[in-house]
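Reviewing the structure listed below.
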Amino acid sequence: MSAVGELTQMVSKRKKGGAKAEHPDNKPALLFMTPWLLGFLGITLLPMIASFVLAFTDYSLLAPPEFVGLANIREMIGDTRLHNSLVVTFIYVFVGTPLQLIAALALAVVLNQGMKGLSFYRSVFYLPSLLGGSVAISILWRQMFGANGLVNQLLEVLGFTGMPGWVSNPDTALSTIILLNVWTFGSPMIIFLAGLRQIPEMYYEAASVDGASKVSQFFKITIPLLTPIIFFNVVLQVINSFQTFTQAFVVSGGTGGPSDSTMFFTLYLYQKGFTQFDMGYASAMAWLLLIIVAIFTAINFFVSKFWVFYDD
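Count the sequence shown with this note's numbering and you get residues 138 to 449, in order.
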């Protein structure tokens, strides 16, 4: 066989191999994805569709849903308790989230100094993130900040007597839940710590040679190079904060009290759907929450181009 003929056969084989590569067999991948797809359809997509349909109905869970059009939306516009729940939720999100991230970043910077037993401290500080959303911790928090709780006992030792119950005072009840949210800083702290370890040491060495102080290095090197991680934590924690439910439910005993000072949007949604059996209205509220979260997420992504710095 001539050299030209051999070359032609090689090219032909390569073309056939390329054709096969362009159409891989996806059946194994689909097989492994089947549990996730079934869960997505049965637990996420279908309930979302059902919720969207029920948002335009009057549904009491005890009788078939009755189509009412935009009546639930009009009711939300005039619902003062819903408006209050939005205010409470916004305060919780826009006060608690920055404080939580500041605490997480500060501790991550401390742990990044190369101390001994880093793995132990990292596990200990991450633990509140695992337990903070549990019913047990919420009950413990309510006892600690009660009229005869541990916090008032410590204040009494310091000379502060006659202190009221923090969770039973409308002026301080929300603050205790915000403090609980700040205490669960472990998850963003671990992410910050991972980001800090990715910053090349040569930047700090060059800055030290130029006479830059540690504070100057932090704001001119650490923060700019850490902005993608900060952005990720901001988006994640804002979404999680809007969905907070357990802490408010347990600390307030499911009432949102005192005086609706801890009536989170999710708690009011729960009351409407499962206490007052107004599932149509609760479904409309759920979609309102989805829209609010989507709007703030979109805003975060839009403004990120002005303060988040990537390698390029």
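The beta carbon of each residue, even a glycine, is placed where N, CA and C say it ideally should be.
Since this is a predicted model, take the numbers as computed values, not measurements.
Coarse secondary structure for residue i, derived from DSSP in three states
i       : result
Phe-193 : coil
Phe-446 : coil
Phe-414 : coil
Val-141 : Reliability of the predicted coordinates at Val-141 is poor, the pLDDT of 47 falling under 50, and no value is obtained from them.
Ser-441 : helix
Asn-377 : helix
Phe-282 : coil
Lys-253 : coil
Ala-158 : Low confidence applies to Ala-158: its pLDDT is 49, below 50, so where it sits in the model is not reliable, and the reading given next is rough at best. Three-state DSSP puts Ala-158 in a helix.
Ser-232 : The residue asked about is misnamed: residue 232 is Val in this sequence, not Ser. Reduced to three states, the DSSP call for Val-232 is helix.
Gly-270 : coil
Gln-384 : helix
Trp-303 : coil
Gly-176 : helix
Arg-218 : helix
Ile-366 : helix
Pro-337 : coil
Thr-298 : coil
Ser-83  : Missing from the structure shown is residue 83; the chain here goes from 138 to 449 and no further.
Ala-349 : coil
Met-326 : helix
Ser-398 : coil
Asn-163 : coil
Thr-392 : coil
Thr-321 : coil
Thr-309 : coil
Ile-429 : helix
Sequence-distant residues of its chain with Cβ nearer than 7 Å to residue i (five each side left out)
i       : result
Asp-162 : none
Val-204 : In the sequence as displayed, the identity of residue 204 is Phe instead of Val. Excluding positions up to five away in sequence, the list reads Phe-193 and Thr-194.
Phe-262 : Leu-244, Gly-323 and Met-326
Trp-444 : Thr-364
Thr-309 : Trp-303
Val-230 : Val-375, Ser-378 and Phe-379
Val-430 : Ile-376 and Phe-379
Phe-433 : Val-375
Ala-274 : The sequence shown places Ile at residue 274, not Ala. The residues are Leu-268.
Tyr-447 : Pro-365
Val-272 : Thr-383 and Val-387
For residue i: DSSP bridge partner residues
i       : result
Gly-203 : The amino acid occupying residue 203 in the given sequence is Glu; Gly does not appear at that position. Answer is Asp-195, bridged to Glu-203.
Neighbourhood of residue i by C-beta, 8 Å cutoff - its chain only, sequence neighbours within 5 removed
i       : result
Gln-374 : Thr-234, Gln-237, Leu-238 and Pro-325
Val-148 : With a pLDDT of only 49 at Val-148, under 50, the local geometry of the prediction cannot be trusted, and the value read off the model is given with reservation. The answer is none, since no qualifying residue turns up.
Ser-396 : Pro-307
Val-371 : Thr-234, Leu-238 and Asn-437
Leu-255 : Leu-248
Ser-188 : Ser-420, Ala-423 and Trp-424
Phe-401 : Ser-222, Val-225, Thr-226, Tyr-229, Thr-381, Phe-382, Ala-385 and Gly-393
Ala-344 : Ser-353, Gln-354, Lys-357 and Ile-358
Tyr-258 : Leu-248 and Met-252
Same chain only: Cβ atoms within 6 Å of residue i, ignoring 5 sequence neighbours per side
i       : result
Phe-282 : Val-288, Trp-303, Val-304 and Thr-313
Ser-266 : Thr-321, Gly-323 and Ser-324
Phe-438 : none
Phe-369 : none
Gly-270 : Thr-383
Cβ distance (whole Å) where residue i is taken to contact residue j below 8 Å
i       : j       : result
Thr-399 : Gly-391 : Actually they are not in contact, since the Cβ atoms of Thr-399 and Gly-391 sit about 10 Å apart, beyond 8 Å.
Tyr-340 : Ile-358 : 5 Å
Leu-191 : Pro-202 : 6 Å
Val-294 : Ala-240 : About 25 Å; that fails the 8 Å criterion.
* Asked: For the 8 Å Cβ check, are there 3 or more pairs between the region 210 to 217 and the region 288 to 306?
  -> no
* Segment contact, 8 Å Cβ cut-off, at least three pairs: the region 314 to 331 with the region 264 to 280 -> yes
* To do: Mind the definition here: the region 386 to 402 touches the region 353 to 367 only if three or more C-beta pairs lie below 8 Å; say whether that holds.
  => no
* Asked: Using 8 Å as the threshold, is the region 407 to 421 in touch with the region 181 to 198, meaning 3 or more CB pairs across them?
  -> yes
* Take every Cβ of the region 359 to 370, pair it with every Cβ of the region 331 to 344, and state whether three or more of those distances are shorter than 8 Å. => yes
* Could you tell me whether the region 401 to 414 touches the region 422 to 435, using the rule of 3 or more Cβ pairs below 8 Å? => yes
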